[in-house]
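First the structure, in the form of C-alpha cells, and then the observations on it.
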Amino acid sequence: MQDLLESVDALWRRVSHTFEELGLDGIDSDQELAWRVSHVASALSAARAVLTEPGVAEPLARFAVASLAREAASELVALGLIDDLATINLPARPTLELAHAALEAPRSWSLGAELDLARETFARFATEVVEPYASRVHRSNLDVPEPVIEGLAALGGFGLTIPERYGGSGTGESTDVLAMLVATEELSRASLGIGGSLITRPEIIARALLAGGTEEQRATYLPALASGEIMGAVAVTEPDYGSDVASIATRGVVDGDSILLRGVKTWCTFAGRAELLAVLVRTEPDPALRHRGLSLVLVDKPRCSGHSFELDLGGGRLVGRAIDTLGYRGMHSFELSFDDVRVERSKLVGGDAGRGRGFYLQMSGFENGRLQTVARAIGLMEAALDAAHGYAAHRRVFGHRLLDYSLSVYKLARMAGVVAAARALAYRNAADVGTRGGSLAASMAKAWACRQAEWVTREAMQLHGGMGYAEEYPVSRDFVHARVLSIFEGSDETLSLRVVARALATQPRVAG
Ligand SMILES: Cc1cc2nc3c(=O)[nH]c(=O)nc-3n(C[C@H](O)[C@H](O)[C@H](O)COP(=O)(O)OP(=O)(O)OC[C@H]3O[C@@H](n4cnc5c(N)ncnc54)[C@H](O)[C@@H]3O)c2cc1C
3 MQDLLESVDA
13 LWRRVSHTFE
23 ELGLDGIDSD
33 QELAWRVSHV
43 ASALSAARAV
53 LTEPGVAEPL
63 ARFAVASLAR
73 EAASELVALG
83 LIDDLATINL
93 PARPTLELAH
103 AALEAPRSWS
113 LGAELDLARE
123 TFARFATEVV
133 EPYASRVHRS
143 NLDVPEPVIE
153 GLAALGGFGL
163 TIPERYGGSG
173 TGESTDVLAM
183 LVATEELSRA
193 SLGIGGSLIT
203 RPEIIARALL
213 AGGTEEQRAT
223 YLPALASGEI
233 MGAVAVTEPD
243 YGSDVASIAT
253 RGVVDGDSIL
263 LRGVKTWCTF
273 AGRAELLAVL
283 VRTEPDPALR
293 HRGLSLVLVD
303 KPRCSGHSFE
313 LDLGGGRLVG
323 RAIDTLGYRG
333 MHSFELSFDD
343 VRVERSKLVG
353 GDAGRGRGFY
363 LQMSGFENGR
373 LQTVARAIGL
383 MEAALDAAHG
393 YAAHRRVFGH
403 RLLDYSLSVY
413 KLARMAGVVA
423 AARALAYRNA
433 ADVGTRGGSL
443 AASMAKAWAC
453 RQAEWVTREA
463 MQLHGGMGYA
473 EEYPVSRDFV
483 HARVLSIFEG
493 SDETLSLRVV
503 ARALATQPRV
513 AG
C-alpha cells in the first residue's frame, strides 16, 4: 500500500503547488482551474482516507485508489499541470481480478460494538418502517408519514449529538458524530426524503444553539428537538440570495421587547410540519456590516400538513407554499413570506449578545450538516449499488448475465470503492467537527461524495437499462435524489472555490 500512498502524495504536491501559485487572486481570476483542481484535491483526500483508515478491506482500497489516482492524474494532465506522467509513478490499472475482489469485499467495517449495534438498529428500522413508504411518498408527493417520525423519535434518532443533559444521547466524544453518520447512512439507504434527511435539521439547529444559545434557549428547545416532540426547519436562503448568505435581506427589526420579521425566505425544507423555525435575519440595517449584521431568531409555529399554509402569527402573517421538485419529496421545501411576524426578543439566539452573530452560528450548524450530507450520499450510493449488483446478477443480455461482462464488474467495483472512500473520509473527519481543519475537511468530503453520488446512481441506473428509467424501480429515485446533494448545504462551487481552494491557497497541508 506504501506505493499507492506515494502516488497520492506526489499528485497532492502538484495540487498544493498549483494553489500556492494561484493565490487568492488567482482563484477569482481563473475560477475554472481553481474549481477543477479543488475537485482533484478532494478526490485525493478521499484516496488517502481509504488507504489509511483502519478497517477498509485491502482490495477495495487498492481498487479505489488506483481508479481515483489515475483519474486525478488525467485531470491534471488535461489542465496542463503535469506533462510527464513518468514522474508521478502512477498505480497500475486495476486488473479484472482486483475488480472482482473489490466487489466481493465488505464495504463497511466495525466501529466498535456500540456503533455496530446502532447501525444494525437503524438498518432494521429503515428496512421495516421507512422503505415501505418510500416509493409512495415520492411518486405521490405525500407528507412524511407520522409513524416514521414517531419511530425515529423512539430510537433516539433526533438526539444523537445533543448532550445527555439536554435529553439527547451525546457524550461530547467523536462517537456522537459517528453514531449520527451511521444512522444517516442506514436511513438514507431506504429514502433520502423521508429517512436520512429528517436528522439534518435538528442537527443544524442543535449545533447553533450549543454554539451560541442562551441557557434558557438550550433548556427549552434541545430536549424537545432530541425527543422528536418538535420538528425544526432552517430558513436561510432567500429568492435573491442563496450562496451569498452574507447579503440576505429579510429584516428582523428589534422593537422594544420584540422583533418584527419582514421578508421572504425560500427553500425552507419541512417548514410546514415543523414547530420551530430557525430564521436568519438582518437585525443591524447598516449594509456595510454584511454578515456581521445578521442574527438567528427562533420562531414557534403550529404544525401544518400538506403543501401550503397560512398562519396568523405574532400579530402578523406567515404564508408558506411548497415548491414542486424533482425529488426530495415528503418534507416539502417551502417559500415563506413573513409579514410583520412578531416574536419575543428572548427568541434571538444568544440573547442581545447574539446580535450580529447569526452568520457564525448558522455556519457552525452547517458544518455538521455537511458531514451528515456525506453520510446521506453514502446511503444513497449503497442503495443504488446493491440494486445494480442484484439486477446485473440476474439480467441476461446476448445470452450472458450482465454480471459476466467485465465492464459491469469494473463499474460496480468502482462504485464499491467510492462508497468505501466516502465512508473512510466521513469517519476520519468525525473527530474534527468544530475545528478549523474540520470545516475544510467536511467541505472537501461533501463536495467529493455528492458528485460521486451522481456518478454512482447514474451508472446504477444505466446497468438497469430501460427499467432504470421506470419509476417503479427505486434506482430511478436514487438518481433524482443524488442530484440535489451538490446544490444544498453549501453548493459544490461555493465549497470548492470559497472554502477548499481558498484554504489550500493560504494554508498548504498534507492530503486529507
Ligand atoms: C431541495 C432543496 C432543499 C433546500 N433546503 C433548504 C433549507 O431547508 N433551508 C435553506 O435555507 N435553504 C435550503 N435550500 C437552498 C439551498 O441551500 C440553495 O439552493 C443553495 O445555497 C444555492 O443557492 P441558490 O439556489 O440561490 O443558487 P445561487 O446562489 O443563485 O447559485 C447559482 C449557481 O451559481 C453557483 N455559484 C455560486 N457562487 C459562485 C461563484 N462565486 N462563482 C461561480 N459560481 C457560483 C452556485 O454553485 C450555483 O451553481 C434547499 C435547496 C433545495 C434545492
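Position in the sequence shown (from 1) plus 2 gives the number in the working numbering. Glycine included, C-beta positions come from ideal geometry on N, C-alpha and C. Since the structure is predicted, the reported quantities are computational estimates derived from the model, not experimental observations.
- Taking the Cβ of Ala237 as the reference point, at least one heavy atom of ligand 1 falls within a distance shorter than 7 Å.
- Contact between Ser69 and Pro96 holds, since their C-beta atoms are separated by about 7 Å, short of 8 Å.
- For Phe361, the enclosing alpha helix (DSSP H) covers residues 360 to 396.
- Distance from the CA atom of Phe311 to the CA atom of Tyr475, rounded to whole angstroms, is 33 Å.
- Taking C-beta atoms as the reference points, Gly381 and Glu205 fail to come closer than 8 Å.
- The shortest C-alpha to C-alpha distance from Glu277 to any of Ser366, Arg305, Ala451 is the one to Arg305.
- The region 105 to 120 makes contact with the region 175 to 186; the number of CB pairs closer than 8 Å reaches 3 or more.
- In the DSSP assignment, Val266 forms a beta bridge with Ser339.
- Collapsing the DSSP output to three states places Pro108 in coil.
- Less than 8 Å separates the beta-carbon of Ala101 from that of Ala415.
- Beta bridge pairing from DSSP links Thr271 with Ser335.
- With contact defined as three or more Cβ pairs closer than 8 Å, the region 490 to 498 and the region 363 to 378 are in contact.
- Note that the C-beta distance between Val482 and Ala449 is not below 8 Å.
- Annotated three-state conformation of Asp326 is coil, per DSSP.
- In this structure, Leu499 has its CB closer than 7 Å to one or more heavy atoms of ligand 1.
- Following the DSSP letters along the chain, one finds Glu474 in no alpha helix (DSSP H), marked with neither H nor E.
- Rounded to whole angstroms, the separation of the alpha carbons of Val421 and Tyr135 is 25 Å.
- Excluding its 5 nearest sequence neighbours in each direction, Val435 has C-beta neighbours in its own chain below 8 Å: Ser176, Val179, Glu369, Asn370, Leu373, Ala444, listed in chain order.
- Look at the beta carbons and you see the region 219 to 234 touching the region 157 to 164: at least three pairs across the two are nearer than 8 Å.
- In chain order, Ala248 place their CB closer than 6 Å to the CB of Arg292, counting only its own chain and leaving out the 5 sequence neighbours on each side.
- Per DSSP, reduced to three states, the secondary structure at Ala248 is helical.
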